[in-house]
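Undergrad:
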């Protein structure tokens, strides 16, 4: 039991060490450092040695002492294997080792005599590995997007792995891609269009959606049940089955190629989900409050504005943010309905850049950062509301 | 009394819902029904413009005659395939001028020339000329003639509203040798995309459902791919995976893991040898599925995490007392608690992945074996320009979708009955 646990422990922890070091090496390689091998054997072996040493020394020596000694020894060996690397790379390796050995030192001999100790250790390290793996995999494309926008085409052709940003250059040449994207490619106009469409969609959707959701939640009328179920069904119909009829009809009516036409479509496609989300919330508001309002002689307008709205501000905020996100990110309709650059939204403009001949990739990525940053900023800032919007709106994507 | 109250209530309800219902009806329901209509018609993209009579006005002075002017109208039928009936023409001219030898189809009444051109067949063209002279022989002012534009009106059939129907679109869809492949690709993409997203959702939720520093940071980070615009993400992935200058291939080459670059988005098959047997993996499709999983597992994560946080702690404590290990706890406590969420998630994600258009369109455009049904709608309708065919394919999508929804709502109903 004990031997098996110890062996599992050392193997798993060495895999963990290897993956940590590999991620760090990949990041270093992308700073233009020449690292030609991940050296699996070496790191795996040293991982096993470190874990054994840590287990058998843990009760004899001070914990801090072991952590520092083991890390330093490892980094020194690493230095002899990959010499002539910049100092920050070794500092990073050292910090990773500190973290790793610190995690190891939590396990002493006692841990290995429990039931299921191998499993517990496995799950512990799997969790750690998972957290690091997921963050890396998620963030890496975003990182790539950001750093590419600060490079130039020639530099990327010379060494496609060197994403280091030269901070010594002046600000104008550092942000050159962004300046060009906004001046030559007219992204200011597209940003304005995107904002108009998204904010307009939010406003109209709320103006139409709140009364309708109130009626569905509270009032009795013929067709109510039909309405509330059809909301969900309509919501599940994808844009791609609407696009051909809408394209033909909008062409004949001359509504294509206008921001206004897009606004109508976005409103119609987001209304069902807005109503669905809002009516669920309205139902949770106590009815007595409205009855008191009726006693005071309020009509439905008064009830909605004076009673329902103030009580459901958080729900309205999450619907608004969710609708904003859908409208801001929407692609298919903007592709089909916008032909002339003056009416482009950001998404459409970036696609146009990509299709258009040989746009340097740093401009493409600068454009992508421009369209991504606002929505990520909103997400981080209003996370609570947007997450609740994502969960109750749930099915769209 | 109560009768009138309920009447008022009904009237209010209709007033409140009507605007929303109308706009949704016009933009969502109406297109779904007109899809049925269009799918039974032979319509090309170039036919959908309603034909209209057009006139280009050219004003020319006449040599040696100051008081005369020549006006040429280049008349034509804008459509190459349809006739226009009963065309009326009108143009306004300055005071003090009169036409010379006016065409017999036209009349000159109070400074206006009004003509009745009758019917124009398709591709019709005509050069129509009017001469004008001043009544008192003064010099004519050319600029004044250019002020007005001629006004033409005519009746034409809207090709969408004619009553000839055909089954040929559906015949073409179902007899196309690619149709089976198309369905297979769609289901492959949908199924593995959904399952992958849910598996990664479970894994990540299980991880975040533990106490560690930076937990809330990880939680918001994990949602980034779902929140960010698909255009930006797809192009970033294209750069990442590009065979020549892409970061991934260069990294793998740099570490000598591969010998030559792999075209992850442009290669249809890759051969894999397992125990001497050759397997053909659909490479581009797999890459697209991985992108799909990467982008949508956050949603599964969010749902499963919410459910996990609601699992009572006592269950795990009891399991500890019974001497259960982490694996047993996961299989016997965690999984049964989240099966309900997973089955609903599976249906929802299945339906949405089935409809997914943007992701594949932006990554591969449907090339190298990644053409799914929604991509086919776009290709038929707008790349090839056969609107009728595109509609027929989207009808196939609608029918399959209705079938999935039926299952979904049955499932939800069953869940509602159980709880």
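Protein chains in written order, with the working numbering: chain P, 1 to 397; chain R, 1 to 419.
Every residue gets a Cβ at the ideal spot worked out from N, C-alpha and C, and that includes glycine.
Specify, as a first and last residue, the run of the beta strand (DSSP E) that residue 109 of chain R falls within.
TA: Here the beta strand (DSSP E) through residue 109 of chain R covers 106 to 109.
Undergrad: Only counting runs of 4 or more residues, tell me where the alpha helix (DSSP H) segments fall wholly within the region 308 to 354 of chain P, in order along the chain.
TA: As far as the region 308 to 354 of chain P is concerned, its whole alpha helix (DSSP H) runs of at least 4 residues are 313 to 329, 332 to 337.
Undergrad: If we require 4 or more residues per run, which alpha helix (DSSP H) segments fall completely within the region 134 to 158 of chain R?
TA: Taking only runs of at least 4 residues, the alpha helix (DSSP H) segments lying wholly in the region 134 to 158 of chain R are 142 to 146.
Undergrad: What number of angstroms, rounded off, separates the C-alpha of residue 245 of chain P from the C-alpha of residue 193 of chain R?
TA: Taking the straight line joining both Cα atoms gives about 29 Å.
Undergrad: Once DSSP output is grouped into helix, strand and coil, what is the label at residue 341 of chain R?
TA: Helix, per DSSP.
Undergrad: Out of curiosity, what's the CA-to-CA distance linking residue 396 of chain P and residue 222 of chain R?
TA: The pLDDT assigned to residue 396 of chain P is 47, lower than 50, so where the model puts this residue is not dependable, and the model offers no usable value.
Undergrad: May I have a chain-ordered list of the beta strand (DSSP E) segments no shorter than 3 residues that lie completely inside the region 4 to 56 of chain R?
TA: None, since the region 4 to 56 of chain R contains no complete beta strand (DSSP E) of that length.
Undergrad: State whether the region 125 to 135 of chain P contacts the region 343 to 350 of chain P, with contact taken as three or more CB pairs (one from each stretch) at a distance under 8 Å.
TA: Short answer: they don't touch.
Undergrad: Can you pull out the residues from the region 348 to 359 of chain R whose beta carbon lies closer than 7 Å to at least one beta carbon of chain P?
TA: Answer in chain order: 348, 351, 352, 355, 357, 358.
Undergrad: Look at the alpha carbon of residue 380 of chain R and the alpha carbon of residue 280 of chain P, and state the distance between them as a whole number of angstroms.
TA: The alpha-carbon atoms of residue 380 of chain R and residue 280 of chain P are separated by roughly 40 Å.
Undergrad: Can you name, in chain order, every residue of its own chain whose Cβ lies under 7 Å from the Cβ of residue 146 of chain R, other than the five neighbours on each side?
TA: Closer than 7 Å at Cβ, skipping near neighbours: 59.
Undergrad: Would you verify that the beta carbon of residue 247 of chain P is, or is not, closer than 9 Å to some beta carbon of chain R?
TA: It does; some Cβ of chain R falls within 9 Å.
Undergrad: I need the boundaries of the beta strand (DSSP E) containing residue 164 of chain R, first residue and last residue.
TA: No beta strand (DSSP E) holds residue 164 of chain R; DSSP gives it neither H nor E.
Undergrad: Looking at residue 297 of chain R and residue 392 of chain R, is the spacing between their C-beta atoms short of 9 Å?
TA: Cβ atoms of residue 392 of chain R and residue 297 of chain R: not closer than 9 Å.
Undergrad: Can you tell me whether residue 211 of chain P is helix, strand or coil according to DSSP?
TA: If DSSP states are grouped into helix, strand and coil, residue 211 of chain P belongs with the helices.
Undergrad: When you compare only the Cα positions, how much space is there between residue 109 of chain R and residue 98 of chain R?
TA: Taking the straight line from one Cα to the other gives about 10 Å.
Undergrad: Looking at the unbroken alpha helix (DSSP H) that takes in residue 40 of chain P, where does it start and where does it end?
TA: Unbroken alpha helix (DSSP H) run through residue 40 of chain P: 40 to 57.
Undergrad: Go ahead and pull the three-state DSSP assignment for residue 130 of chain P.
TA: Three-state DSSP puts residue 130 of chain P in a helix.
Undergrad: Could you say which of P:72, P:354, P:247 lies nearest to residue 235 of chain R if we only look at CA atoms?
TA: Ranking P:72, P:354, P:247 by Cα distance to residue 235 of chain R puts P:354 first.
Undergrad: Could you have a look at residue 78 of chain R and say whether DSSP puts it in helix, strand or coil?
TA: In the structure shown, residue 78 of chain R sits in coil (DSSP, three-state: anything other than H, G, I, E or B).
Undergrad: Between the alpha carbons of residue 370 of chain R and residue 42 of chain R, how many angstroms are there, rounded?
TA: For residue 370 of chain R and residue 42 of chain R, the distance between alpha carbons rounds to 27 Å.
Undergrad: Taking buried to mean at least 16 other C-beta atoms within 10 Å of its own C-beta, is residue 314 of chain P buried or exposed?
TA: Exposed is the call here.
Undergrad: Give the DSSP-derived three-state secondary structure of residue 1 of chain R in the structure shown.
TA: Model confidence at residue 1 of chain R stands at a pLDDT of 48, short of 50, so the residue's coordinates are unreliable and nothing is read from them.
Undergrad: Alpha carbon to alpha carbon, how far is residue 92 of chain R from residue 106 of chain R? Give it in angstroms, no decimals.
TA: Between residue 106 of chain R and residue 92 of chain R, the C-alpha separation is close to 13 Å.
Undergrad: Within a Cβ cutoff of 7 Å, which residues of the same chain sit near residue 51 of chain P, ignoring the five residues on either side of it in sequence?
TA: Counting only Cβ-Cβ distances below 7 Å, and skipping sequence neighbours, we find 9, 10, 13, 14, 104.
Undergrad: For residue 213 of chain R, return the contacting residues in chain P, with the cut-off set at a CB-CB distance below 7 Å.
TA: Result: empty, since nearest Cβ-Cβ is about 10 Å, beyond 7 Å.
Undergrad: Return helix, strand or coil for residue 251 of chain R, following the three-state DSSP convention.
TA: Three-state DSSP puts residue 251 of chain R in a helix.
Undergrad: Would you call the CB atoms of residue 305 of chain R and residue 337 of chain R closer than 9 Å?
TA: Result no, Cβ atoms of residue 305 of chain R and residue 337 of chain R do not sit closer than 9 Å.
Undergrad: Where do the ends of the alpha helix (DSSP H) carrying residue 156 of chain P lie?
TA: Per DSSP, residue 156 of chain P belongs to the alpha helix (DSSP H) from 153 to 158.
Undergrad: Inspect the beta-carbon positions of residue 84 of chain R and residue 52 of chain R and report whether they are closer than 9 Å.
TA: Yes, Cβ-Cβ distance for residue 84 of chain R and residue 52 of chain R is below 9 Å.
Undergrad: Does any residue of chain R have a CB that is nearer than 9 Å to the CB of residue 208 of chain P?
TA: Yes - at least one Cβ of chain R is within 9 Å of the one on residue 208 of chain P.
Undergrad: Once the 5 residues before and after residue 96 of chain P are set aside, which same chain residues still bring their CB inside 7 Å of it?
TA: Cβ neighbours of residue 96 of chain P beyond the five flanking positions: 20, 21, 24.
Undergrad: So the candidates are P:288, P:120, P:325; which of them puts its Cα closest to the Cα of residue 273 of chain P?
TA: Measuring from the Cα of residue 273 of chain P, the nearest candidate turns out to be P:325.
Undergrad: Name the chain R residues whose beta carbon is nearer than 8 Å to that of residue 268 of chain P?
TA: Correct list: 23, 24, 26, 27, 28.
Undergrad: List the endpoints of the continuous beta strand (DSSP E) containing residue 269 of chain R.
TA: Where residue 269 of chain R is concerned, the enclosing beta strand (DSSP E) stretches over 269 to 274.
Undergrad: Please classify residue 20 of chain P: does DSSP put it in a helix, a strand, or coil?
TA: It is helical.
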